[in-house]
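Heads up: the sequence lines are chains A and B, in that order. Per the working numbering: the first sequence = residues 2 to 366. Per the working numbering: the second sequence = residues 2 to 366.
Number of protein chains: 2
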Amino acid sequence: MNRQRIQLVQAALQRRKLDAMLITQPANRHYLSGYTAVDHSIQETAGVLLLPAKGKPFLLTDSRFILQAEEEAAGCEVELYRKGLYPHLKQLLPQLSIHRLAFESHYFLHSSVMTMEKMTDAIGVTLVPLTGLVERMRAVKNEDEIRLLKQSVRLNERVFQLVYNTIEPGMTELEIALALELTMRELGAEGPSFDTIVAFGTNAARPHAVPTDRVLRSGDIVLIDMGLVLHGYCSDMTRTFVAGKPRSTYLERLRIVRKAQLAAIAAIKDGAICRDVDQAARTIISNAGYGEFFGHGLGHGVGLAVHEDPSLSPRCRKKLRAGMVVTIEPGIYLPEWGGIRLENMAVVRQGGCEILNKDTTGLDR
Amino acid sequence: MNRQRIQLVQAALQRRKLDAMLITQPANRHYLSGYTAVDHSIQETAGVLLLPAKGKPFLLTDSRFILQAEEEAAGCEVELYRKGLYPHLKQLLPQLSIHRLAFESHYFLHSSVMTMEKMTDAIGVTLVPLTGLVERMRAVKNEDEIRLLKQSVRLNERVFQLVYNTIEPGMTELEIALALELTMRELGAEGPSFDTIVAFGTNAARPHAVPTDRVLRSGDIVLIDMGLVLHGYCSDMTRTFVAGKPRSTYLERLRIVRKAQLAAIAAIKDGAICRDVDQAARTIISNAGYGEFFGHGLGHGVGLAVHEDPSLSPRCRKKLRAGMVVTIEPGIYLPEWGGIRLENMAVVRQGGCEILNKDTTGLDR
């Protein structure tokens with residue numbers, strides 16, 4: 002467990018007059034306890050962290066994960082629930098004199114809250130929904146975390162470059178995606194941080210394309226969006242290029258997307274408003290006449306999760322803070338034609354930002 | 002979309018005097034609409050199905066997925082929400098005269114329900130939590146689905162056998178896991194249905210072991226739990242064996258687990274109570290003195306999701322019905338020694354069951 006982070010959460014609980022908090026969101030659980038297990042789905046937790054406002058945290062899990070939990074969550078009381086989480090809490094909460102219990106409302110199913118409420122009602126415990134407490138802490142990285150993120154980005158670029166050099170007409174999207182994911186693991190990544198996107202030609206018009214057995218032909222656009230997990234930290238990068246000689250329309254649109262990306266990068270600094278950064282890129286794409294073909298937000302935070310706070314979206318009024326790590330990924334998508342997206346990661350600094358990427362494939366034509 | 006399934010849900014809505022239902026659970030959405038997109042996480046939906054009690058369903062999604070949705074969800078009205086799901090619903094629900102709206106309480110975040118409630122309160126719509134309606138339909142497969150599940154199992158076994166024949170001392174858990182996942186994709190699977198488990202020696206004592214760089218030595222136990230997705234349908238199989246010559250303790254424990262598995266298989270039939278099937282296996286393991294080392298339930302349903310209804314757990318009082326497809330996976334796990342789990346899939350029939358597996362590796366010693 003991370004004592005300093007635990008103490009920050011405990012101080013926040015004390016300020017809110019809460020006796021404890023249940024941490025169910027897997028990256029939050031990892032961030033505070035060191036326990037790295039992943040949930041198969043939200044309906045099947047690998048364990049729950051019960052963090053009292055004072056004293057030792059408890060990591061509650063089942064027999065499938067007990068050995069891993071004991072090994073990784075040093076400093077936590079690891080307890081096995083044999084008959085389910087709620088019967089276990091029904092015993093434990095009164096022992097710890099917990100009366101007001103916070104839970105992560107944004108990572109707790111509605112039906113689970115109803116089930117838990119029956120139990121807490123029976124023992125006189127009040128449930129308090131809480132949202133984003135640990136996420137706000139996680140959004141700002143310290144230098145150790147930034148170093149790990151850089152390592153993740155560096156390995157991701159190495160994997161990209163190795164596979165990029167083998168790409169040639171005749172290969173399929175699936176084949177390239179597979180080669181990328183295989184190379185990630187062979188070079189020591191825990192795995193991809195999301196399902197790798199490889200899209201040729203008109204498939205690149207789908208921002209979340211799923212690789213198919215479509216065959217690459219000379220002149221096709223190739224869009225690759227890939228990331229990996231290394232020592233728990235995620236990377237995320239998109240490159241777009243053409244197999245063979247690009248046409249002038251492609252180069253024109255590429256320059257617009259790149260210009261939008263650079264404008265956003267210039268707008269990033271401690272104190273900048275998220276939606277202003279999005280707007281810096283969006284204005285350039287709109288002025289070039291492609292506003293309606295850039296349908297998604299500009300970027301998102303990256304850390305233990307590949308999508309986390311902050312959100313660089315047209316609707317986000319929050320401020321960037323030094324130490325936040327974000328993607329900058331403008332795009333243009335035309336259904337009959339294809340798409341271009343360029344994505345780098347940056348750490349927010351005082352007065353500016355630092356780009357984590359070194360790879361320049363397809364950026365500088 | 003699947004008209005017959007849609008009509009069954011609509012009839013259920015009419016009986017409950019509900020005007021419509023929001024389908025958010027990805028496998029349910031797929032089952033009803035044909036739309037195969039996966040959600041990156043529960044916090045980032047790839048789309049929501051709004052199914053009125055009468056008339057055409059609506060598939061609501063964002064710009065990232067709109068092309069895929071239009072292609073796959075033929076028969077649904079596909080609509081793009083530009084400003085988010087709730088603003089879109091605020092316009093659409095009154096147009097469709099929807100007053101009582103059901104939602105999937107077991108796949109809706111507590112905080113999302115609170116956000117949605119503000120919107121529905123403002124337009125006089127009542128939210129009704131509903132749980133398991135589509136899951137109960139999905140649990141019973143028709144013969145077309147059983148055929149697809151058999152294909153998935155067959156391919157999974159082929160992958161296992163190909164890699165099994167290459168396993169030798171000196172290989173690592175990660176290497177074998179990677180070879181399995183690569184072979185799955187090369188032979189046409191969409192991907193693994195869950196993170197492949199390969200565990201040697203004492204690592205096999207963790208039912209949800211994560212593959213490491215541990216090196217296989219002669220005499221080690223090897224536990225492999227693997228599954229794949231083919232045409233949307235999942236498989237799930239576990240084999241345990243020894244690299245080299247097994248010791249007598251191993252063979253003794255293996256026979257107990259296998260005997261437990263066969264006892265459970267003999268108990269499966271239309272009308273059997275889930276926990277009685279679990280008990281058939283558990284009794285044999287307990288009588289042999291290993292009761293406390295079999296900590297998980299006996300099995301689970303498999304279909305579009307790798308874990309779905311029914312649950313063959315000691316607490317489930319529901320009845321098996323013909324057409325359900327379940328895993329039977331008893332195990333013994335001893336922290337200092339290792340573990341043995343054997344897992345096959347079976348379809349429940351009148352008076353018995355049909356085992357979907359043909360592979361017998363490690364089962365018959």
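C-beta atoms are modelled at their ideal positions from N, C-alpha and C, and glycine is treated no differently.
Item, Value
"What does a CB cutoff of less than 6 Å around R240(B) pick up in its chain, not counting 5 residues either side in sequence?", "I225, T362 and G363"
"Could you check the C-alpha separation between R1(A) and I274(A) for me, to the nearest Å?", "There is no way to answer for residue 1(A), as the model of chain A reaches only from 2 to 366."
"Identify, in the order they occur along the chain, each residue of the same chain with its Cβ nearer than 6 Å to the Cβ of A200(B), setting aside the five sequence neighbours on each side.", "A210 and L224"
"Compute the beta-carbon to beta-carbon distance between I67(B) and V49(B), rounded to the nearest angstrom, for a pair I have assumed lies under 8 Å.", "Not confirmed; about 13 Å, so no contact."
"I need the boundaries of the beta strand (DSSP E) containing I286(B), first residue and last residue.", "Here I286(B) belongs to no beta strand (DSSP E); instead the alpha helix (DSSP H) covers C275 to N288."
"F161(B) CB to nearest chain A CB: under 8 Å?", "no"
"Check this for me: beta carbons of S287(A) and P208(B), under 8 Å apart or not?", "no"
"Go ahead and label K27(A) buried or exposed: buried means 16 or more other beta carbons lie within 10 angstroms of its beta carbon, across all protein chains shown.", "Residue 27(A) is actually Pro in this sequence, not Lys. With 16 or more Cβ atoms within 10 Å of its Cβ, P27(A) is classed as buried."
"Taking one C-beta from the region 70-79 of chain B and one from the region 35-45 of chain B each time, how about it: are there three or more such pairs within less than 8 Å?", "yes"
"Measuring alpha carbon to alpha carbon, tell me which residue in R83(A), E71(A) and P53(A) is nearest F294(B).", "R83(A)"
"Please confirm if V129(B) has its CB atom under 8 Å from at least one CB of chain A.", "no"
"Ignoring anything shorter than 4 residues, give me the alpha helix (DSSP H) runs that lie fully in the region 142-195 of chain A, in order along the chain.", "144-165 and 174-187"
"From which residue to which residue does the beta strand (DSSP E) around L224(A) run?", "I222 to M227"
"Is it true that the CB of I222(A) sits closer than 8 Å to the CB of I257(A)?", "no"
"Can you tell me the Cβ-Cβ gap for E344(B) and D196(B), rounded? I've got them flagged as a contact below 8 Å.", "So it is not a contact: roughly 15 Å between Cβ atoms."
"Since V114(A) meets chain B, which of its residues come closer than 8 Å, beta carbon to beta carbon?", "H111"
"For the beta strand (DSSP E) that contains I24(B), what are its first and last residues?", "A21 to I24"
"Could you pull out every unbroken alpha helix (DSSP H) segment of at least 4 residues lying fully inside the region 63-118 of chain B, listed in chain order?", "67-73 and 86-96"
"I want to see whether chain A comes within less than 8 Å of I286(B), judged by CB atoms only; does it?", "no"
"Do S312(B) and the ligand GTP come close, with the Cβ less than 7 Å from some heavy atom?", "Judged by which ligands are present, the structure shown has none, so any question about the ligand GTP falls away."
"From L305(A) to N29(A), what does the alpha carbon distance come to, in whole angstroms?", "9 Å"
"On a CA-only basis, which of M22(B), I333(B), H111(B) and R322(B) is nearest Q351(B)? Give me that one, please.", "R322(B)"
"Tell me whether I124(A) is buried or exposed, calling it buried when 16 or more other Cβ atoms sit within 10 Å of its Cβ.", "exposed"
"Note down, in chain order, every chain A residue with its Cβ under 8 Å from the Cβ of T65(B).", "Checking the sequence shown, residue 65(B) turns out to be Arg, not Thr. Neighbours of R65(B) on chain A, chain order: R207, P208, H209, G296 and H297."
"Tell me whether the region 158-171 of chain B and the region 212-221 of chain B touch, counting them as touching only if at least three CB pairs, one residue from each stretch, are closer than 8 Å.", "yes"
"Using a C-beta to C-beta distance shorter than 8 Å, which residues of chain B count as neighbours of R186(A)?", "L175 and L179"
"Kindly confirm or deny that the region 157-165 of chain B and the region 183-190 of chain B touch, where touching means at least three C-beta pairs closer than 8 Å.", "yes"
"Once DSSP output is grouped into helix, strand and coil, what is the label at E330(A)?", "coil"
"Measuring straight from C-alpha to C-alpha, what distance separates A180(A) and D360(A)?", "19 Å"
"According to DSSP, is S312(B) helix, strand or coil?", "strand"
"Along the chain, where does the alpha helix (DSSP H) that runs through I266(B) open and close?", "S249 to A268"
"With 7 Å as the limit, tell me which residues of the region 132-153 of chain B have their beta carbon closer than that to any beta carbon of chain A; keep them in chain order.", "T132"
"Confirm, please, whether the CB-CB distance from M2(A) to L131(A) is below 8 Å.", "no"
"Counting only beta-carbon atoms, is H41(B) nearer than 8 Å to chain A?", "yes"
"Measure the alpha-carbon distance for D40(A) versus Q96(A) and round it to whole angstroms.", "28 Å"
"I want to verify the contact list: residues of chain E whose CB lies under 7 Å from the CB of Q351(B), in sequence order.", "Although the question refers to chain E, the structure presented lacks it and instead comprises the protein chains A and B."
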